[in-house]
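The structure appears below as structure tokens.
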Ligand code: NA
Ligand code: NA
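Residue numbers (our numbering), protein chains in the order written: chain Y, 10 to 121; chain B, 123 to 211; chain L, 126 to 242; chain P, 1126 to 1294; chain A, 15 to 811; chain F, 46 to 200; chain G, -14 to 490.
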């Protein structure tokens, strides 16, 4: 499974970089989105063994289910997702205003 | 593996294949609303896959996730349609 | 396999089947408006089947109630989604196949305000 | 609003999957707060057209309930009846169907009524409610197979709209 | 006491501001009391220095770096200190007259006092870093002095040139000194003392044998040569004549330009005598000596003429240090003093002429002897000393210099080359001096002279050049024993051993006298053809002018910098991303490739792998391709939304419901935001990139993808350590009071992260608010983009 | 003025349900999937749905909160629950729990209250961002043009 | 347990949130911000004193034992940076209050500054790699908001590059966090350091070292990752540029020191030649860029890049002396560059332009400003007795001691070019006669002069007090490379691995 995840991560990164190298601001931002997906999956893969097991929710005795997923990476990804969301919202607003100021969404026009 | 799990797993696989077909529409388009249709279908598939996974793993907590996915599918599709309409094509 | 499990698998299978049919429809139907019909199917019957099947498999009243509520949600929202998609398509100029007859909507939208007269 | 509040409390308990008094109290509290927040939306009469519902006759609770149940049964039957039809169309090797967009004149006036009609039209396969005109006089329906426009119109009006109007005029 | 001299002088700089008001000549002479007092104080130390060799005083500063304020007074420092303070006193008084009507005189005096303090610090320093500190300070203060008249472009250019050359040399010097310190440390000197002159000279033999000697010395030479205007770094000195004349007289005759000489002389006993040392110094010094003298004969501007004779003499001094030996040490001491005396007098006289006539151009002057007899007399005294005419102090210097060349321990060719340089220099001095005197004072008064009411200056002003000019004659006529007493400790310090110095006007008929006489004769002969000599075409091609070359060099550097910067910093974000991606590939990929970590990637079959998982994974690339290929904005946005949905599907399949929910919620919100923002843009993308660019980008992207895949596989395959995650599972309920471990981590175990995270959200909101609601600063937005369906169909596949 | 009766009716119905869902997701988060982030995001989705159906003006009217202040208050609220421990000489954010669970709500401790702060912040930030973007004159065409006045809901 | 370590977080968080809440009541909001910054200045000084006298201080967030919870660690390196950051922020705040312009009146300007300080302080104090990421994002987000606040075309266009290229760095950082967790199974820096030191997988850990070099290098604007800086730094108002110059890239430098000192102890030696090469290229490219500019702030911005080369050189020398020298230099440059941006900004504000061709005559008009500017130039060029001399000297000494003569020579040469391009400003703005009539322009208000002047005097004071300061930086350099001491302070006498085996069943 790690192999499949790794290939998926590679695809996400490749797609992200390709999109970011386009001239459209929109594609740039979509690339950033893909990039953050790639990173999230990467952290996920780094968990304590990627398992199909149970979600990290302990029972009433405080014991985790057998074959439980790594909770720490999940918490880290959650934090990362929310942070990148905040940043993405800012980037969107910035791109909108830049587009408005320049009158084009072509990055090559966005030069002083 | 129990027969139930095998059958459910099979159904899950069918659902994933169905999702592949939906993806084809996403690729083909040709119009933007076509892609929005594909998006809606993807979300519906996520609901289905989530539900079946819940049954397979006997994790009722996944059901709550499925509820939220359903809500989001609706919101996403409606918003998409809304802005397609405003944006023109 | 218990009876409950058989029932669960059967209901799920119906749901999956309808979803699959919808996907096939999405590929095969000639224009967007007919494809949207397929979405309606998946969004209602397909999902309903799967959800009910899963609800049965849990054999738990409260999960069942939740699932029923979710099915109701889909029945409530799927038509709104199809309506919105169709409407967006029509307003943005996605033409139905020529065989669509009658087409009472032709020219019924005001292009400026995007309102339906 | 009390009804809504009670309903929200019940939904709360369903979500909690726990039916105890404390849950009910919390549910009522949460519901109360939510209603306070969303009252503006709930009370809004969005339709610019005057609602004729004001003068409708009072329908008894039992009769109303029976009508609703009958309506649900009708819908289920309609779904089952025409689903196979759609499956046939989708899976058939040739496209031998004749789609059409049909405007259906409406008698139902209330927001809820129009919405319910649209929902019913859509979840019964073969037809999709496409849009409702701004003056609320016409609902446009996309049908998969229109052989007889008049028959379709009358089916919608007689089968669906009539039953909807029994619940929401 | 030594530290007080330096620090009090520096601290006294604000006293210069007294010159803003009040009778300026009086303030000038009043300020001169400060250097005069220092002169007296230093002179009082002569017996002690002659006896005990030195007085040392150290104030700790940054001991860890070897930086301290260490001052040492020995014969050499004393000589320099006396020259600085003595000439300084005269200059201060002179400046008060010379710049009587200059509104900025206060500032000028501040700079001048600072400079003097720095110069005193430099020559009194007992630690190379202390010396360097003041070395830099002299560069900076001299910059301010040269650029004093900064409204004139020439002044700014001259100041900048001199600063760049001397500060550049200073940097070389610093590295050289650090290398010396390091070498001393390697030779066993304790780190705290490694930078003292004493230690470096003491460890001289070890340093000379070590590998750091050659680089260190080359760097030190660079520092000394630039500061002392040795060829080919000489050109800043004539340019520095933009300074007001009092500053030129002080800096460029007597003090700053001799700092390099001072340093070389200071290091000579420990580090001198090697072929590198002697060869470099004799060659560079000798050439500069001859070259400066020859160029001086052709100059028409009095200050330029003096500048070239100055740099010539500096060359001579460098050459002497290179020659080595007893006589060279003595010659050095004598010539330093002799040159300081006559050259400061001449500079001040040049100022007087300029002041009275408004020009320094010898072609526009003439006949001044009639109007300024006093000035003419003192000029003659100073010039005769420069010419090395017997009984003047310059003659004493020249004699002993010739002796030094003849008696040098170097091989004969070096000695004869040095002798030749001396002869050429001496001849040149005579011609140049004659040229100056004749051009300014003899002949018929020129119209320029007649226009002005030219008189001898006020006595207070004339006194300043008169004293050193007179001393040029007085010292040899009766004061020679006293002078010998003064110079002997200095010569000893340079020689490294105690030596007896007995100066005399008459050594008998020896070779030196013969050479000297021949030089005077030749000079007198050539002086007759002075005009014709000057009219000869310059032997150097026009481009070889150092100052112009330097300007060309800086211009070329600026042009190159502009072109280079325009090339790399072109403003195109795409190119930056491309470079950045390439850097990423290198930074991560190269170590991975070098160490062959990729071969460690474990690819083991996963028995649990389900076919639907493979399918689900395969859908992500499909959605990515859909994103890339989408020709409409909304289409691309939808496709990206689907990618997000598929990622959350992954999270569902892999038991991360919290993640799946958050991911999906964020996905939908992002999609809505994207739609909101980009609904104003044209609906369709236009293909803007060339096929080549697309292929290049695709290759780059593929490489990144491959790298990431490899990295993930390699890392996930490593199981060297157990994770700390089980701790959270174990303690979630008992200590964290929650079943959902992820949430307990978020709000408790790592609640601090979450606090930061919501702060990010709040910050993002503030930023967005600022962006969208703060537009007063921006020009009105242009007309709504010409988009929305019609016209500009844009963007890049 | 956007005028789909169908969308509006359903969206209005969804509002209380989604808000309920959001509170639900918040409170159970400590024990089951959910928590402040998810709850807050669901609540924002509820508001955004109204925005999509009715336009931002209406969305502001139905939920007349100062979202910027809500975000700031959320941060203060969350951080405040780290202070009791600090005042008691323990590290910042150290959990303090009431000994007994509150009926209907569950165990109450500073981490849970901290999560409420997160919830408020997330609602405030996401909703405010959505409103800011949608109130851009160019960004929400449904609110401009001749039909603009009709957007105002009746009191 | 030093629970007061939380205060520099808590106070700015509350201060910023309160200032947002009090947005309409401006005096109160401003008071909240000023009080918070003043607190952090005072606290920073106190903390530094504590650290100098008593060694490292540690606190565990939420009370969980290291390495499971998040540790806060204050050592000489972090405490020094904390204090300088707060001081610069105080200067920026006062400068902004003396300035006029719509941005300074924005209700978000000061809260964003405070949040920037929060993020920076967090980064200097945290002992957890992922938590470092979080505080990095806080400061980054605040910087995004600040650099675009006001929204002129130049700001938007420059800001977009700033944001996107910085996101590259953030992403790489996050990837690094993930990978290193995958390798070592922990996030606490001390624990990571122990485990990475024990790990014998040279390829992977070197690749991760490269990744962190990329991540923090792009924050620090080393070549070839600096492109965002010169394109954006001159666009916001001068106060913002000043604080950016003081803090932003320096946090990247700090993170490089910290990560290569503690987290990847074995990799520094391997990757040091690369770092030195990059340091040299950074110095040269930055100064070349500066020479090409004709605008005050653009010149200063390119110099930031060049000076980052020096900071990185300290790391690349891979010795305690090198790190100490790097810290000394970095601190110096933080102070002096902020001062120069303040002073240059004052000129710009009064004259309405930063274009060298249009300016002139400032030496006569503003002698005090000119004096401080000249002293600032001297400091930047490393002329004694300003702080710059000691920074440069320490670096050159460390370079000579390590036998790295090439980079030492490059560093010395570049400092001459720095001087050259700074003299260009001096010549054009201060010495040159002004073409236009400058007498109509207003005088520079004292409030605009004071922050820069005080910082220049601080630079002088650092030079004069170089003895204790170099001792402090030596302590910081030694601490920054002392993994076992760090781990013992964080996890207890046995180190982190022992703590883990004690605490996990
Ligand atoms: Na978090
Ligand atoms: Na910076």
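Glycine is no exception: its CB is placed at the ideal position from the N, C-alpha and C atoms. Keep in mind that this is a model prediction, so the values were computed, not measured.
Per DSSP, reduced to three states, the secondary structure at residue 426 of chain G is coil, with no helix or strand assignment.
The C-beta distance from residue 64 of chain F to residue 1140 of chain P rounds to 12 Å, too long to meet the 8 Å contact threshold. DSSP places residue 48 of chain F outside both helix and strand once states are collapsed to three, so it counts as coil. For residue 590 of chain A, there is no enclosing beta strand (DSSP E); the enclosing alpha helix (DSSP H) covers residues 587 to 598.
Using a Cβ-Cβ cut-off of 9 Å, residue 77 of chain F does not count as an interface residue toward chain G, since no Cβ of chain G sits closer than that to its own. Our two residues, residue 161 of chain F and residue 123 of chain F, have alpha carbons roughly 7 Å apart in a direct line. A direct Cα-Cα distance of roughly 52 Å separates residue 83 of chain G from residue 751 of chain A. Put simply, the CB of residue 88 of chain Y is near chain G, with a gap under 9 Å to one of its CB atoms.
With contact defined as three or more Cβ pairs closer than 8 Å, the segment 280 to 291 of chain A and the segment 505 to 524 of chain A are in contact. Residue state for residue 75 of chain A is assigned as strand, using DSSP reduced to three classes. The segment 155 to 186 of chain G contains, as complete alpha helix (DSSP H) runs of 4+ residues, the segments 174 to 183 (chain order). Residues of the segment 133 to 147 of chain F whose Cβ lies closer than 9 Å to any Cβ of chain G, in chain order: 134, 135, 136, 137, 138, 139, 140. In this model, residue 249 of chain A and residue 37 of chain G are separated by some 51 Å (Cα to Cα). Nearest neighbour of residue 1256 of chain P by Cα position, chosen from P/1294, P/1228, P/1151, turns out to be P/1228. By a beta-carbon distance limit of 8 Å, residue 227 of chain L does not contact residue 1233 of chain P. Their separation comes to about 22 Å. Note on the segment 291 to 379 of chain G: whole alpha helix (DSSP H) runs with a minimum of 4 residues are 305 to 336, 347 to 350, 352 to 366, in chain order. Contact of residue 213 of chain L with chain B is assigned, a C-beta pair being separated by under 9 Å. Taking C-alpha positions only, residue 143 of chain B is separated from residue 171 of chain B by approximately 15 Å. When only Cα atoms are considered, residue 188 of chain A and residue 335 of chain A end up about 21 Å apart.
Residue environment: residue 212 of chain L is assigned as buried (16 or more neighbouring CB atoms within 10 Å of its CB, all protein chains considered). For a cut-off of 8 Å, the C-beta gap from residue 439 of chain A to residue 548 of chain A is around 18 Å, too long to register as a contact. Judged by DSSP secondary structure, residue 84 of chain A falls within the beta strand (DSSP E) whose first and last residues are 81 to 87. Of the other Cβ atoms in all chains shown, 16 or more fall within 10 Å of the Cβ of residue 95 of chain G; this residue is therefore buried.
Just measuring C-alpha positions, the residue of F/96, F/131, F/79, F/77 sitting nearest residue 109 of chain F is F/96. Neighbours of residue 64 of chain Y in chain B, taken as residues at a C-beta separation under 9 Å, are given in chain order as 179, 181, 183, 184.
In this structure residue 92 of chain A touches residue 503 of chain A by the C-beta definition: roughly 7 Å separates them, less than 8 Å.
Within the segment 56 to 87 of chain F, contact with chain Y at the beta-carbon level (separation under 8 Å) is assigned to 76, 77, 78, 82. The beta carbon of residue 393 of chain G falls within 9 Å of a beta carbon belonging to chain A, placing the residue at that interface.
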